[in-house]
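Chains as they are written, first to last, in my numbering: chain A, 1 to 530; chain B, 1001 to 1352; chain C, 2001 to 2339. Built from N, CA and C at the ideal position, the CB exists for glycine as well. The structure under discussion appears below in the form of structure tokens.
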């Protein structure tokens, strides 16, 4: 070893070396731990509460005929909606991203917007339009119309970043364009599609809106009954644990479906951009389909809002308090979107880059809030904060934390859809060009996953802006958001006064949807900015 | 000018050992090719040298500086090692000039450095293009310029030409070679293409089963491989039974001179390696006495490449004959079925 | 090389700023009285404004669904920031009282309303009342077809005509009343009848809306829902009418809205003052004139114009205390799979 040149200050380098090398994983680990802790909080609440009830009580609650019926209702609603959302979401995403669709920009935004219409507004619209709408099929239709954007958005991002080279290769191997879509394109975007479907499935397990809108009773109804009529948090939490178990099964199944394949492209640098397909004779039917979809998902609720604004006797010019409500809604939602997105990045990055049991478990856990009724999560936060963080109780910060937990799953799906773009090879090249990990992260990774971050931000923002349950429980006393104002007017039959608040919720949601759409066309396709 | 030394490098993934004690010396300013089949650990070796992965054992030093040993691990950004991965790995969100200037300081980027680099690799007009607007060859050049921008002590090229089509490959290869010679940067090039390794490198090291089995000048390796596998890996060979005696090998093709020193090969039976281009093939007319000139045979197959041709010739021997490969000038390509006489030009290399 | 900074950073920075400002806003204000209110927000706002003006005590109101607020108080326990809980119905107050979360209401306040309209244990005071009735569509039902008793709704002739909201907090007291007056067996038979006759709606707002739309011919509700809908849609949009059952029928139930002081309140004096104000003449008149169409409970204060006098209806002789927290009704509904 004496032939080795004396390495200059080895010891002093040593310390720097190790800290420098571990820096990013440490940040990730901390972020992921925080995310996991936040998600486990409501779960801990459930377990602690449920423990207080004896097994006999749980048995009495669970082994009722009603529960079996409700569970079956939940399952069949979930299955049908998930399949329909997958078809609609992927179809719409493909049309917007891969075809020369007329008014593409407009569709791109309009197709996301149903997310920005809260359940209670949708219900309001449908009940005004067709009072006789009840039962299973109605529930399937309405839930599909409001949830398909959860598949559409991540799929679109993934489609935008797919390497067309693979599709061309498939065509050259003699596959028809349909076969190519099925066997190549869909394979590539599968993690995004499955991620979106996962959100739909989990969301439906905890769905209460279907009940409110079309009186279709799902398992959540049993939970709400315990809470609202029995004032029995213990029983409600015991029932909620059933949801946790079901979602654990779903999450396990999803891993098998999404496959173990890495999402990033095989090549390390440049990908071919797919040319847009001309729709030709299909233009008319496609446009008709998209119009029908948007008309049902957006037109019905918005139409009824307009109707009530014009017709309702309580219609007044919105007062100055509406501005305050807009401000609060935007502020809370933006902050929650930032927090959720920031937490989703380390969760996703660790699960994709440092795959092991712990990181995968954390990623799975991050989906759990989707499957719990908002009321359970909010009450969990109430219970936790009055005991351990009273100063934070009913502060803006707590509300933001609540939103961040509730919608972390949306952020994870958004980030996951783009994380594959940031190939570790590119980061390594960045390092070899003399950049420290933090600088590589800022200059390479961040711009590459920006579309995903944008999607995550938009999804969380839109959902937070329409959230009601946690808002009612956790907002600072005296502070109103658009959702709480809308709710308080509608419970008072003041539909005319309520309508502008709902309209503003939709408008506010359109902003991130629009910005995201613009960002996608500039960044995801990596075309020069003008 | 910086010497790169790799000593006894071990690295595995899980239970699979990939590098099993690699030793590699790269002379300052030289281009050394690491040649191996895919999956032999070439890329892993580069990644360890670049600092993307840490070896389990062994050391890497560059320019009298320890990059990595049992006590030290310099992170990639402090190594001064440029890396050009397969297909270039250009940052897709940055223009060509931003890619090239990536490793430079803000001040350097504002100066002429980037322009000069682009000029040097001949893609100045594309400065403001995005990577997806470039051809494969252009992308490689950008990747090279980007890696050279920081004046690295060593440059690592991972199969840089494999994604290019054949005609482009030769040209880009030549350009890169002349560029690197001009820059005088110590370079390690990893490839599975023995022609590329032999033609470009000053030194070739063959990586097999996680160890460097032989390292030397291209001609050395080609002419004196240490075993049969290596001989075959570097190019087509004919293995011919021989009796060794007095520094010559007695073969069906006649007595051939041996490359090794007298004492190195003892007496007795063995095998010699005869490269196809060492065989002289002449057409013989039926009935003429060809035996004096060498072994008789018949052309079974002829692969024509333009500049040369590869003939498969079945020898006329009592046991049904065997197939010998002979490389001849293009204009000497012979139709299938032509009876020929084969002779060999020494010296040849004995194999074990 | 102009595109150094990724554009995503700026929104993130803005959000970080928002987050910091949100932390700043976390500090709680002075010793204001905090009221959790499940009552109609507009009525509550009028009451609070009048109380603040009269007493000089600042009040902050937290409005929400009363069941949710009740659960929230249960979780908050001793740490609840609420001083007063003001609700539309009494079962939630009974549930909190049972867990010892309510303080005794001062005697003078309780004395201002009939004893039977408040908690027997003095845990809460009755503030206003609503009376249940039947909303019906006159184009589908002639006045001769209207029932004298709510129990008739279980008869086969009502098949396909009814709409009702079994999960509504107003429904349980009705069922409780039947249990109390006619026994559990009758109540169960009645509920089964209703189940086979009627269409299920999520809440009374939906019941009154759908009867008004003609989807259902009739539905049991509290009368004020109909008046409020009439206010919103105007007389041209009103295609329904109200019917009251015969005097003394369990269907003529009075639902009491109550208020209580939290045992954990740190502003008990102010909280008691607020309760006293609610049943004061000023408070009661505010309620009567607030378009909430509820009956003030203080003797001598008349309800909104157009409402039949409570005494004229001669409702069933049941006190809220007798109705309790609705546990029996809940068990029955669960048994029949309505919940």
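Any C-beta of chain A under 8 Å from that of residue i
| i | result |
| --- | --- |
| residue 2266 of chain C | no |
| residue 2157 of chain C | no |
| residue 2316 of chain C | no |
| residue 2040 of chain C | yes |
| residue 1244 of chain B | no |
| residue 1077 of chain B | yes |
| residue 1151 of chain B | no |
| residue 2288 of chain C | no |
Residue j beta carbon less than 8 Å from that of residue i
| i | j | result |
| --- | --- | --- |
| residue 70 of chain A | residue 221 of chain A | yes |
| residue 1033 of chain B | residue 1197 of chain B | yes |
| residue 475 of chain A | residue 484 of chain A | yes |
| residue 233 of chain A | residue 378 of chain A | no |
| residue 147 of chain A | residue 200 of chain A | yes |
| residue 2303 of chain C | residue 2117 of chain C | no |
| residue 1140 of chain B | residue 1179 of chain B | no |
| residue 1104 of chain B | residue 1098 of chain B | no |
| residue 118 of chain A | residue 468 of chain A | yes |
| residue 2307 of chain C | residue 2127 of chain C | no |
Euclidean distance between Cα positions of residue i and residue j
| i | j | result |
| --- | --- | --- |
| residue 1067 of chain B | residue 1167 of chain B | 38 Å |
| residue 533 of chain A | residue 191 of chain A | Nothing can be reported for residue 533 of chain A: it is not among the residues displayed for chain A, which extend from 1 to 530. |
| residue 306 of chain A | residue 298 of chain A | 12 Å |
| residue 262 of chain A | residue 188 of chain A | Its pLDDT being 43, under 50, residue 262 of chain A is placed unreliably in this model, and the value from its coordinates should be taken loosely. Distance between the alpha carbons of residue 262 of chain A and residue 188 of chain A is about 10 Å. |
| residue 2336 of chain C | residue 2186 of chain C | 14 Å |
| residue 1349 of chain B | residue 1297 of chain B | 23 Å |
| residue 1095 of chain B | residue 511 of chain A | 29 Å |
| residue 72 of chain A | residue 2047 of chain C | 46 Å |
| residue 150 of chain A | residue 126 of chain A | 21 Å |
| residue 2155 of chain C | residue 2219 of chain C | 14 Å |
| residue 22 of chain A | residue 1347 of chain B | Caution is warranted here: a pLDDT of 40 is assigned to residue 22 of chain A, below 50, making its placement in the model unreliable, and the coordinate value is therefore given only provisionally. Going by the C-alpha atoms only, they are around 57 Å apart. |
| residue 12 of chain A | residue 1069 of chain B | Low local confidence applies: a pLDDT of 32 at residue 12 of chain A is under 50, so the model's placement there is unreliable, and no value is given. |
| residue 2323 of chain C | residue 2119 of chain C | 11 Å |
| residue 1176 of chain B | residue 1145 of chain B | 10 Å |
| residue 1192 of chain B | residue 1019 of chain B | 17 Å |
is_contact[residue i, chain B] using C-beta, thresh 8 Å
| i | result |
| --- | --- |
| residue 431 of chain A | yes |
| residue 159 of chain A | no |
| residue 167 of chain A | no |
| residue 512 of chain A | no |
| residue 434 of chain A | yes |
| residue 162 of chain A | no |
| residue 76 of chain A | no |
| residue 426 of chain A | yes |
| residue 447 of chain A | yes |
| residue 345 of chain A | no |
| residue 415 of chain A | no |
| residue 184 of chain A | no |
Test: residue i CB closer than 8 Å to a CB of chain C
| i | result |
| --- | --- |
| residue 516 of chain A | no |
| residue 459 of chain A | no |
| residue 496 of chain A | yes |
Would the region 1059-1074 of chain B and the region 1119-1139 of chain B be scored as touching if the rule is three or more Cβ pairs under 8 Å? no
For the region 331-339 of chain A and the region 459-470 of chain A, state whether three or more C-beta atom pairs, one from each stretch, are separated by less than 8 Å. yes
Decide if the region 2168-2178 of chain C is in contact with the region 2086-2102 of chain C; the criterion is three or more beta carbon pairs, one per stretch, under 8 Å apart. yes
Going along the chain, which unbroken runs of the alpha helix (DSSP H) with 4 or more residues stay wholly within the region 318-373 of chain A? 321-353, 357-365
Counting only runs of 3+ residues fully inside the region 1261-1347 of chain B, write out the beta strand (DSSP E) ranges in chain order. 1268-1274, 1279-1283, 1295-1304, 1308-1315, 1323-1329, 1339-1344
Can you list the alpha helix (DSSP H) stretches of 4 or more residues lying completely in the region 1017-1089 of chain B, in chain order? 1042-1050
What are the start and end residues of each continuous alpha helix (DSSP H) run of 4 or more residues lying completely inside the region 2260-2315 of chain C, in chain order? 2268-2278, 2281-2288, 2310-2313
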